[in-house]
Every structure is written in C-alpha cells, then in structure tokens.
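Q:
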Amino acid sequence: MIKIEKVSKRYGRKKSLNKVTLHVKQGEIVGLLGPNGAGKSTLLSILATITKPSSGEITIGGHRLKKKKSAIRELIGYVPQDIALWEELTVKENMRLFSKMTKQPITDDELKTLCKAVQLEGKWKEKVHSLSGGMKRKLNIAVALIHRPAVMLMDEPTVGIDLQSKMEIARYIKQLAREGKTVIYITHDMNEILGLCDRFAVLKEGELQFVGTMDEARDMTRQLNDEQVIYQLLHPTVQRDH
Ligand SMILES: Nc1ncnc2c1ncn2[C@@H]1O[C@H](COP(=O)(O)OP(=O)(O)OP(=O)(O)O)[C@@H](O)[C@H]1O
Ligand SMILES: [Mg+2]
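Reading the sequence shown from the start, the letters are residues 1 to 242 in the working numbering.
(1) When you compare only the Cα positions, how much space is there between A144 and G12?
(2) Could you pull the DSSP bridge partners for L32 from this structure?
(3) With distances taken Cα to Cα, identify the nearest neighbour of A48 among N36, G34, K66 and A38.
(4) For the candidate residues D82, E88 and F200, whose alpha-carbon lies nearest to that of L22?
(5) Unbroken alpha helix (DSSP H) runs of length 4 or more, entirely within the region 94-121: which are they?
(6) Should G180 go down as buried or exposed, given a rule of 16 or more other Cβ atoms within 10 Å for buried?
(7) Is there contact between the region 154-166 and the region 106-116, where contact requires at least three CB pairs shorter than 8 Å?
(8) If I'm right that L33 touches T182 with Cβ under 8 Å, what's the distance once you round it to whole angstroms?
(9) Assuming Q209 is part of the beta strand (DSSP E), what are its boundary residues?
(10) How far does the beta strand (DSSP E) with N18 in it reach, from first residue to last?
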C-alpha cells in the first residue's frame, strides 16, 4: 500500500532523512519510533504531501507521490504532531469544516459517531479553546479520519490522552486496520509499540535501523525483556542489521 524507496530529505546542509526504504502492506499498523529529532515527523509529513523529499520515490495506493498529489490526499488522513484546529469554533463546527474539504458527503450522525470513537462525546457544542489538552488531541485525531481515509498517518496522536481513552482509541484503530486501513503510527509509548503495532521501524539520525516484528526484534537483540529489546534498538552502540 505504501512504498517508500530511498527517500532523503535535507534542510540546508543538514540531512534529516538518509535513503529511507520502507514498505507497508494494506491493513498493517506500522509503528515508527526513534529519538527526538530522528526524522519521524519529517518522513510522515513527506508521506502527507506537506514536505517535499529531496530525493527518492514514494507510491501510496499505486499513485506516485510526485505525480498524483491530489489522489494521494484523498487516500490519506494525517494527524499532525502539532494540533491544527480552529480554537474559536466548536467541536461540531470544526468537524463540519473539515468534512467540507472532502468530496464525500458526511452526515452529522457520522461525525457524532466518530466523536464517540475518540471518546469526545458530550463535547459536541463546546468551543475548542475551552477543551483540555487531551480533548484537543482527541479532536485532532477525529478530524483526520472524517473522510474515511484508506491510509492513516498518525504523528504521536495520543500524547497526553488519558489511559482509558488511549485504550479505546487503540481498539478503534485496530478495528479500522482489520477493515483494511493502513496505518503508520509515530509513538514513544511502549504500550502502543507492543499492543498496537504489527511491525515497527526504528529511525535514528535519519536512517532506518530496524524494521520488523517484536519477535524479530527479540531474536535480533537476544533480550528477554521487551523494554530492553527496544532500548537496545535505540541505543547508539547497537549494530545495524542491514
Ligand atoms: N522545517 C525545518 N527546517 C529545518 N530543519 C528542520 C525542519 N523540520 C525539521 N527539521 C530538522 O530535522 C530533524 C528531524 O526533525 P523531526 O521533526 O522529523 O524529528 P522527530 O523524529 O519527529 O522528533 P520528535 O520525536 O522530537 O518529534 C531535526 O534535526 C529538525 O531540527
Ligand atoms: Mg516528531
């Protein structure tokens, strides 16, 4: 569903991504992790057609990113790391505005169902500036999913969201994946890496260090404790496996 081939990104002299290659199948949830500044958000915003890669090839759903930007925009739902909402408008008004950006007709009932899926029911008529930080995060997720995107690009979507809502949102994302949606999910959260993702990719200083399942990571690092496995993959002294 997503093919990233040797993608690099430079900001001036600085290389933020260096020949990143990653393939994601339809229905898969792939976690993307790595230290602050590793290039995770840069990669996701390239996939979301917001940032231009310096080199490399990307196809999403068979469309080449260079040629078919608008087709790709219909396919993807992007949850940015920085919350992007209209503060002066209500939850309902925000959702309606986002729903107008898509060609598909979306009813208020559908918007309310989505609101419920992110544990935001009861806030329908509240202005965004009066919501808590976690509630804004929930709405940030909901507005990205309004057009029922086939590919979900989620950049630390649940930071600051309460535990119970996090679990419900994880369940919802898993259900969407079972229905065939493809997900790339940036997280620093151990539970999400272990409980949500089918595979994960570790990015460090712009380079992919590891792509695989947790079982493969356990085999490679020969650690029994999952936290140690992840620690080893993130640790500067670990050898690259390819
Ligand atoms: N617009 C920009 N101009 C210049 N440098 C940038 C820009 N955006 C990102 N960078 C640099 O690219 C590198 C990767 O940044 P990025 O935001 O992708 O990291 P990240 O892995 O998402 O980190 P975090 O976990 O902190 O969110 C950093 O060194 C950052 O300073
Ligand atoms: Mg980031």
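For glycine and all other residues, C-beta sits at the position ideal for the given N, C-alpha and C.
Please read these numbers as outputs of a predicted model, since none were measured by experiment.
A: The answer reads as follows:
(1) 31 Å
(2) I186 and A201
(3) K66
(4) F200
(5) 108-117
(6) exposed
(7) no
(8) With 8 Å as the limit, L33 and T182 do not qualify as a contact, their Cβ atoms being about 18 Å apart.
(9) E207 to G212
(10) K14 to V24
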